[in-house]
Structure formats: structure tokens, C-alpha cells
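**Student:** Below is a structure I'd like to ask you about.
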Amino acid sequence: MGAMVELSANEVRTLREKTGAGLMDCKKALQETGGDMEKAIEHLRKKGIMAAEKKVGREAKQGAVTSYIHAGGKIGVLVEINCETDFVARNETFQNFTKDVAMHIAAANPRYLKRDDVPAVELAKEREIYKEQARQSGKPENVLEKIVDGKLVKFYGEVCLLEQSFIKNPDITIEAYLKETIVKLGENILITRFTRYELGRGST
């Protein structure tokens with residue numbers, strides 16, 4: 200099990216995105232499981248590095264509404280992020296996290312918080328566009344759905360906040376950054392809602 204295996208940066212990044220665990224922990228887990236992604240996830244879970252998962256689902260009614268103004272007043276963001284206690288809400292790590300998320304929203308312009316928020320009509324339209332593009336490029340019918348699914352993952356990564364690459368550290372997603380913060384603070388943290396204002400374009 201402990202034999203050295205060749206790991207791609209993409210494998211390590213995928214595991215990090217799935218678990219929110221640190222880079223070295225992910226590399227070690229993949230090495231110890233021979234590069235098997237599912238076993239590596241289980242390995243991290245057993246070691247307790249995925250402690251964030253235990254916190255998710257716990258009631259979080261404290262927190263903060265944070266604002267961020269960008270580009271000389273041309274872009275503004277309001278984001279509500281909840282935690283379990285007022286003590287953590289006043290913590291510097293939590294406050295820095297809320298500022299980072301607000302700044303990221305200003306720069307990356309996500310349209311939705313998570314996949315489930317994307318309207319079914321929009322999703323169906325995207326699927327149809329991707330399927331037609333694949334057909335036009337001469338791809339066989341039996342691989343169209345796989346191609347469409349791959350393009351949808353990319354679509355979610357562009358429009359959903361939790362799946363976007365964090366602008367200050369593109370190696371992790373906002374969701375992975377959230378999980379890292381949960382582990383640091385020992386409380387459930389939720390990005391509940393956000394509004395982005397752009398001068399001349401209304402709220403987004």
C-alpha cells in the first residue's frame with residue numbers, strides 16, 4: 200500500500216476539492232491508497248481530516264452580513280454567512296473568511312450559490328446547447344451524454360459560487376475553503392445568500 204505511485208496535480212486537486220483537506224494530506228492519502236480516489240477519501244475520513252462533514256447540518260444562526268465595495272464604487276456585494284456562536288462570529292478567521300468570500304463574489308460574479316439553485320429551464324437549455332455542439336463536431340451519439348455531463352461540470356464551476364475556484368488560491372474551490380474554515384473554527388459555517396450590485400446593471 201505504501202509504495203510510491205505517480206500522482207498528477209489534477210488527482211491531488213480533485214481530492215482536495217472533494218474533501219477540503221490540505222494539499223500534503225491529500226498527496227499522502229493518494230500515495231497510501233495507490234492512487235485510488237475513493238479509498239483516499241475514506242482514508243481521510245477515518246483520520247478525521249474531514250471533520251467538517253460532522254459539523255455540516257448543525258444549526259447555524261449567528262454570523263455576519265458582510266459588504267464589499269470594488270472598482271471605486273462600481274461593484275458592491277452583500278453576503279450573509281452563518282456560524283453557530285457569536286464567539287466565532289467575532290473571530291478573526293471567520294471575519295477574514297467573510298471578507299474573502301465577499302471579495303471573490305465581486306470579482307468572479309457567480310450567479311448562484313450551488314447547483315440546486317440553477318433553474319431547471321436554464322439547465323435544460325444548456326444541456327441542449329452542449330449536445331448540439333457535440334453533434335456538430337461529429338461526435339457519435341453514444342458519447343454525447345458523457346460530453347454534455349463534462350461540459351455541465353465546467354458550467355457549474357463558472358456560475359455556482361461554491362464550485363468556483365477561489366480567486367486568491369485557484370487550487371481550491373470556495374467549497375473547499377469553506378470546509379477548511381469549518382475545520383479551523385470547529386463550527387458549522389454556511390454561506391447562506393448573496394447579492395452583487397454592478398453600477399448600471401442592477402443586482403445579480
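Position in the sequence shown (first residue = 1) + 199 = our numbering. Using N, Cα and C, we set each Cβ at its ideal position, and we do this for glycine too.
#1: Among ALA305, TYR329, ALA319, whose alpha-carbon lies nearest the alpha-carbon of VAL342?
#2: May I have the straight-line CA-CA distance separating LYS227 from ILE346, to the nearest angstrom?
#3: Beta-carbon separation of GLU258 and GLU386 under 8 Å?
#4: According to DSSP, is ASN368 part of a helix, a strand, or is it coil?
#5: Where DSSP assigns a beta bridge to CYS393, which residues make up the other side?
#6: Going by DSSP, what residues sit across from ALA263 in a beta bridge?
#7: Is GLU328 helix, strand or coil by DSSP?
#8: Might you give, ordered along the chain, the residues of its own chain that have their beta carbon closer than 8 Å to the beta carbon of TYR311, omitting 5 neighbours on each side?
#9: What whole-angstrom Cβ distance do PHE354 and GLU327 have, given they're in contact under 8 Å?
**Tutor:** Quick look at the numbers:
#1: TYR329
#2: 32 Å
#3: no
#4: strand
#5: Sequence check: residue 393 is Phe here, not Cys. DSSP, once it has assigned bridges, lists VAL278 as partnering PHE393.
#6: ILE280
#7: Reading the sequence as shown, one finds Ile at residue 328 and not Glu. The answer is helix: DSSP assigns ILE328 an H, G or I state.
#8: VAL317, VAL358, CYS359, LEU360
#9: Actually they are not in contact, since the Cβ atoms of PHE354 and GLU327 sit about 13 Å apart, beyond 8 Å.
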